[in-house]
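One structure below.
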Amino acid sequence: MVGKQLFKVANCVACHKLNNEGRIFGPDLAKLGSVDKKKHTPQYILESILNPSKDIDKKFQSQVFALDSGKVVTGMVVKETPDTVEIVIDPLAKGRPTVIKKSSIDDRAASKTSIMPLGLLNKLSREEILDLIAYVYARGDKSNPLFMHEHAEKK
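Note that the sequence shown covers residues 57 to 211 in the working numbering.
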């Protein structure tokens, strides 16, 4: 399936889960539109990839931390205790989360910029983009009519 391959090649699996593949730094795409139907359209999916900061799900919103050292750190909170906050600064990196002591935090605010990088489709052709959008829209279901075109895998 072309869309499934592109989901991996475009590195969507680094942050998104679909059909039990991928990670959960971003929304589970198998559940796309289950709460809000207007988020389950090909147009919405494309817009979300092209402009990820336009509509950030609060559960996946990065936080900006101003530390008492003068350093500013931005990342997604993966764990929080009474004394520490663990954040992932770069979901594509394989390292461990960064641990910040709460006592060193001067200020904390939600980021207006998505952790999802811009330009993810820049290296894909028009057909590849359409195949990727179709795969995500169909939630990977091969029987979906969107897969019935010349580039789709035959059953």
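Virtual Cβ for every residue (Gly too), placed ideally from N, Cα, C.
To the nearest angstrom, how far is it from the Cα of residue i to the Cα of residue j?
i	j	result
PHE63	ASP124	40 angstroms
ILE185	LEU177	7 angstroms
ILE171	ASP146	8 angstroms
LEU88	LEU188	15 angstroms
VAL58	PRO108	23 angstroms
ILE161	LYS114	21 angstroms
ASP229	PRO83	With the chain covering 57 to 211 only, the question about residue 229 has no answer from this structure.
GLU77	VAL69	7 angstroms
LYS60	LYS157	40 angstroms
ASP111	ALA66	21 angstroms
Can you tell me whether DSSP reads residue i as helix, strand or coil?
i	result
GLY131	strand
LYS73	strand
GLY59	helix
ALA190	helix
LYS198	coil
ALA166	strand
ILE161	strand
GLN117	coil
LEU148	coil
ALA66	coil
LYS210	The predicted position of LYS210 is uncertain, since its pLDDT is 45 and thus under 50; no value can be drawn from it.
Does residue i pass the burial test, meaning 16 or more other C-beta atoms within 10 Å, or should it be called exposed?
i	result
ILE80	exposed
SER159	exposed
PRO201	exposed
GLY126	exposed
SER181	exposed
SER90	exposed
LEU148	exposed
SER199	exposed
Using only CA atoms, which one of the options lies nearest to residue i?
i	options	result
LEU102	ASP163, LYS168, LEU174	LEU174
VAL129	LYS60, ALA166, CYS68, ASN75	ALA166
ASP197	LEU106, GLU183, ALA86	ALA86
LYS179	GLY82, LEU106, LYS157	LEU106
MET132	ASP111, CYS71, SER199	CYS71
Could you confirm whether any beta carbon from chain D is found closer than 8 angstroms to the beta carbon of residue i?
i	result
LEU148	Given the protein chain composition of this structure (a single chain), no chain D is represented.
Report task. Evaluate the contact criterion for the region 133–145 versus the region 93–109: three or more CB pairs, one atom per stretch, below 8 angstroms. Result -> no
Query raised in the report: Counting pairs of Cβ atoms below 8 angstroms between the region 151–159 and the region 179–192, do you hit three or more?
Result: no
Query raised in the report: Are the region 112–129 and the region 140–150 in contact at 8 angstroms, needing three or more beta carbon pairs?
Result: yes
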